[in-house]
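Novice: I am attaching a structure below and will ask some questions about it afterwards.
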Amino acid sequence: MHPLISASDLSQALQQDDILVLDASMALPGQAFDPQQRFANAHVGGAVRFDIDTFSDPDSPLPHTIPGQTRFARLASERGMGNGRRLVFYDQDGMACAARAWWLARLFGHERVQVLEGGLAAWKSAGLPLESGPDLAAPAPFVARPRYARVHGLGDVLDIVHGNRPGLILDARSRGRFEGTDPEPRAGLQSGHMPGARSLPYGELLDASGRFLPAEKLKEMFAQLGVTDGTTVTCTCGSGMTACMIALALVSVGAGAGEPVVYDGSWAEWASTPDSPIVSGAA
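The working numbering puts the first residue of the sequence shown at 1, with every later residue one more than the last.
Below is the structure:
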């Protein structure tokens, strides 16, 4: 199943398949809005909320850390994310949060998952109907089957940086943060990047409408960064959110070797860990 679906295709598929649409919106650093209120004001018909902060480890000091298997399965069941259903995630603004939700669902074994390309804006632009009102989730059993090979921890990334395992690190943060010329949005963290990482700000994957660039253009971008058919790619960012946009783009065009991997702790963990090497300047 292709990881992206257009608004028109989703509208048609909703008439034919058992699909659960989920609004995964949250405020990213620098944004200030209430995603729950926005959902109540206007959402795709039948959609339910997928709160990424809820679908995180409440005991982790890092933002948005993946939850344990039991927690994810319980929450997914409460949301109605049954294993047999097709899931489509969307954002009220952009696609980054939906990409994180897509990656999380697949990490815990749900493979029939897609992202609404262009988010709610694309749905509106297509003239498709919206609903207002509360979230009316209907529970459905979800059994987690984790695919932990799709996630990296600090030690894994240190191994790549020190040359103990192969792999290419792509960083979705802004180029200024990557090069160390702009501050991090999280207090106390030094900007810069991991040795050997390449900069790919996630916004550069998108066109003016908020959709991914054409597949051939994305493949060209990845090739210029060193992605070949034999390259294992580790995606990173500030907190593991926008890294999933790179992972989504890689899967959508079939670039790299196998599944891309997301460094869940990302820069929030790397820059707060003593002795983690940090470099500044262009890669």
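Ideal Cβ placement from N, Cα and C applies to all residues, glycine included.
Give a yes or no on contact between the stretch 142-161 and the stretch 204-222, applying the rule of three or more CB pairs nearer than 8 Å.
Specialist: no
Novice: Using 10 angstroms around the beta-carbon of E220, count the other beta-carbons present and answer buried if the total reaches 16, otherwise exposed.
Specialist: exposed
Novice: Under a Cβ-count criterion, where at least 16 other Cβ atoms within 10 Å of its own Cβ denotes burial, should A7 be classed as buried or exposed?
Specialist: A7 comes out buried.
Novice: Using a 10 Å radius around the Cβ and a threshold of 16 neighbouring Cβ atoms, would you call T234 buried or exposed?
Specialist: Answer is buried; the Cβ neighbour count reaches 16.
Novice: With a threshold of 8 Å, are at least 3 pairs of Cβ atoms found where one atom belongs to the stretch 53-70 and the other to the stretch 256-265?
Specialist: By the Cβ criterion, the stretch 53-70 is in contact with the stretch 256-265, since at least three pairs of Cβ atoms, one from each stretch, lie closer than 8 Å.
Novice: In whole angstroms, what separates the C-alpha of A99 from that of G176?
Specialist: 23 Å
Novice: Mind checking which residues open and close the beta strand (DSSP E) that includes L116?
Specialist: V113 to L116
Novice: At 3 residues or longer, and completely inside the stretch 18-89: list those beta strand (DSSP E) runs for me, N to C.
Specialist: 19-23
Novice: Can you find the residues in the same chain that come closer than 7 Å, C-beta to C-beta, to G55, ignoring five residues on each side of it along the sequence?
Specialist: It should be pointed out that residue 55 corresponds to Phe in this sequence rather than to Gly. Beyond the five residues adjoining it in sequence on each side, F55 comes within less than 7 Å, by CB distance, of P67, F72, L75 and L104 in the same chain, given in chain order.
Novice: Using the Cα positions of V227 and R173, report the straight-line distance between them to the nearest angstrom.
Specialist: 18 Å
Novice: Straight-line CA distance for R186 to E269?
Specialist: 11 Å
Novice: Look at V48 and D135 and say whether their C-beta atoms are less than 8 Å apart.
Specialist: It is a contact, given that the beta carbons lie within the stated cut-off.
Novice: How is R150 classed by DSSP in three states: helix, strand or coil?
Specialist: Reduced to three states, the DSSP call for R150 is helix.
Novice: Could you give the DSSP three-state label for C237: helix, strand or coil?
Specialist: coil
Novice: Just tell me which of G80, A32 and Q37 has its CA closest to the CA of D18.
Specialist: G80
Novice: Could you say which of S191, Q36 and P166 lies nearest to C237 if we only look at CA atoms?
Specialist: S191
Novice: By the three-class DSSP mapping on this structure, what secondary structure does D171 have?
Specialist: Note: D171 maps to strand in three-state DSSP.
Novice: Which stretch, first to last residue, makes up the alpha helix (DSSP H) that contains V253?
Specialist: A243 to V253
Novice: L130: buried (16+ other C-beta within 10 angstroms of its C-beta) or exposed?
Specialist: Exposed is the label assigned to L130, since fewer than 16 other Cβ atoms lie within 10 Å of its Cβ.
Novice: In this structure, what does DSSP give as the bridge partners for F178?
Specialist: In the DSSP assignment, F178 is bridged to no other residue.
Novice: Leaving out the 5 sequence neighbours to the left and right, which residues in its chain are closer than 6 Å to V253 when beta-carbon positions are compared?
Specialist: A215, L218 and K219
Novice: Could you tell me if V143 is buried or exposed, where buried requires 16 or more neighbouring beta carbons within 10 angstroms of its beta carbon?
Specialist: exposed
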